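Yeah, the sequence shown ends on 1315 if you go by my numbering, and it's all consecutive.
Ideal Cβ positions, reconstructed from N, Cα and C, are used throughout, including at glycine.
Bear in mind that the values here come from a model prediction, so they are computed numbers and not experimental data.
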Amino acid sequence: MSQIVLSNVRKEFGGQRGARSWTALNGVDLSIEVGEIVGILGPSGCGKSTLLNIVAGLDNDYDGQFTIQGKTIEEQIAAGFRVAYVFQESRLLPWKTVRGNVEFALKASKFPASEWRDRVDNVLELVELSKFSEFYPQQLSGGMQQRASIARAFVIEPDILLMDEPFSALDEMTARHLRQSLLNIWSAFRTTILFVSHNATEASFLADRIMVMGSDPGGTIREEISMAGVQRPRSYEDLGLFEKSKTVVNALRSHSGRTDPVLA
Ligand SMILES: Nc1ncnc2c1ncn2[C@@H]1O[C@H](COP(=O)(O)OP(=O)(O)O)[C@@H](O)[C@H]1O
Ligand SMILES: [Mg+2]
């Protein structure tokens, strides 16, 4: 059985008291296996964040089926299933150190306090922040802040990690470093990852499968691209990866109705 299964998931916003309603998701089918890394790409407004919020359990006002190993997310969370969410901005607490921020995530977890220090040390080492554990967020670069937010996500040993454009505010070299940090930590934990990206190369570098959503109308997955042929560890220099990212760009162009040759 797949870990995460969405079947004909539909989501409408608005529509109350005569207001116009808006279909954000229009029949999404998606199955994800344990430990898989799945990327979602698509034009702005096609429903990517809406989809992530549903999988996170933050939005339960939708139609269709969404189950995790056959149960609802509410049942799974009650039984100890853990979801972590990383956003474009690190969202660290400015009055806490890096260690304090990562430890804070453990306070709501079931891990005993006696383990917290070792758990924090472990994830900070995996994201190469050990030397900066007593620094405050404002003393760190944007890339280091985002690494701290990845450490904070993994410290609870999540069953699924959701990431919404996690690296899009970073310059390319910093983003490359972070993607590698992410894959290093994923190798240690083998957490299922579902992420949103705007970057075909990034998605090709990270993902096992890439889902391309479309616009006009949005709200559906139009194409699935498997990265199975591209071995890990991956390199940006790999021609196989380059070919895949071209396929992804072409899918994005056609499913967003942007066929102008200047975009090729
Ligand atoms: N809280 C909301 N209320 C009304 N409309 C929303 C809300 N959130 C998102 N939408 C609409 O749903 C569509 C999908 O939004 P979103 O999932 O944020 O897109 P994406 O992340 O792909 O850019 C957009 O048209 C957006 O305007
Ligand atoms: Mg979004």
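- Boundaries of the beta strand (DSSP E) harbouring E1275: I1272 to S1277, taken from the DSSP string.
- Using a C-beta cut-off of 8 Å, the stretch 1073-1086 makes contact with the stretch 1271-1280, since at least three inter-stretch Cβ pairs fall below that distance.
- Residues lining ligand 2 by the Cβ criterion, that is a Cβ closer than 7 Å to any of its heavy atoms, are K1099, S1100, D1215, E1216 and V1247 in chain order.
- For the 8 Å CB-CB criterion, V1206 and V1247 do not form a contact.
- Cβ neighbours of R1133 within its own chain (closer than 6 Å, five residues either side excluded): I1207, P1209 and D1210.
- In this structure, R1061 sits away from D1110, with a CB-CB distance that is not shorter than 8 Å.
- For R1304, the enclosing alpha helix (DSSP H) has its first and last residue at L1290 to H1306.
- The stretch 1087-1097 makes no contact with the stretch 1282-1290; the number of CB pairs closer than 8 Å stays below 3.
- Taking C-beta atoms under 8 Å as the contact rule, Q1139 and E1216 qualify, at a distance of about 5 Å.
- Non-local beta-carbon contacts of G1098 in its own chain, meaning distances under 6 Å to residues more than five positions away in sequence, involve A1075, L1076, G1269 and G1270 in chain order.
- Inter-segment contact for the stretch 1119-1136 and the stretch 1187-1194 is absent: fewer than three beta-carbon pairs are separated by less than 8 Å.
- Look at the stretch 1061-1116 and you find these whole runs of alpha helix (DSSP H), each 4 residues long or longer: 1099-1107.
- Following the DSSP letters along the chain, one finds A1135 inside the beta strand (DSSP E) bounded by residues V1134 to V1137.
- Taking the C-beta atoms as reference points, R1203 is found no nearer than 8 Å to F1218.
- Of the residues assessed, W1237 falls on the buried side of the cut-off, its CB having 16 or more other CB atoms within 10 angstroms.
- Counting only residues of its own chain and dropping the five nearest sequence neighbours on each side, A1070 has no CB closer than 8 Å to any other CB.
- Collapsing the DSSP output to three states places L1245 in a strand.
- The nearest non-hydrogen atom of ligand 1 is less than 7 Å from the C-beta of S1095.
- Under the DSSP assignment, R1168 falls in the alpha helix (DSSP H) whose first and last residues are A1164 to L1177.
- The stretch 1098-1108 and the stretch 1244-1258 touch, with three or more beta-carbon pairs separated by less than 8 Å.
- Rounded to whole angstroms, the gap between the alpha carbons of L1292 and R1227 is 15 Å.
- Exclusion of G1151 from the 7 Å shell around ligand 1 follows from its C-beta lying no nearer than that to any non-hydrogen atom of the ligand.
- Of the candidates D1112, S1160 and V1153, V1153 places its Cα closest to the Cα of Q1196.
- The beta carbons of A1164 and Y1136 sit no closer together than 8 Å.
- C-alpha of V1085 to C-alpha of N1235: approximately 17 Å in a straight line.
- Taking the CA atoms as reference points, I1055 sits about 18 Å from V1263.
- About 5 Å separates the CB atoms of W1167 and L1157; that is less than 8 Å, so the two are in contact.
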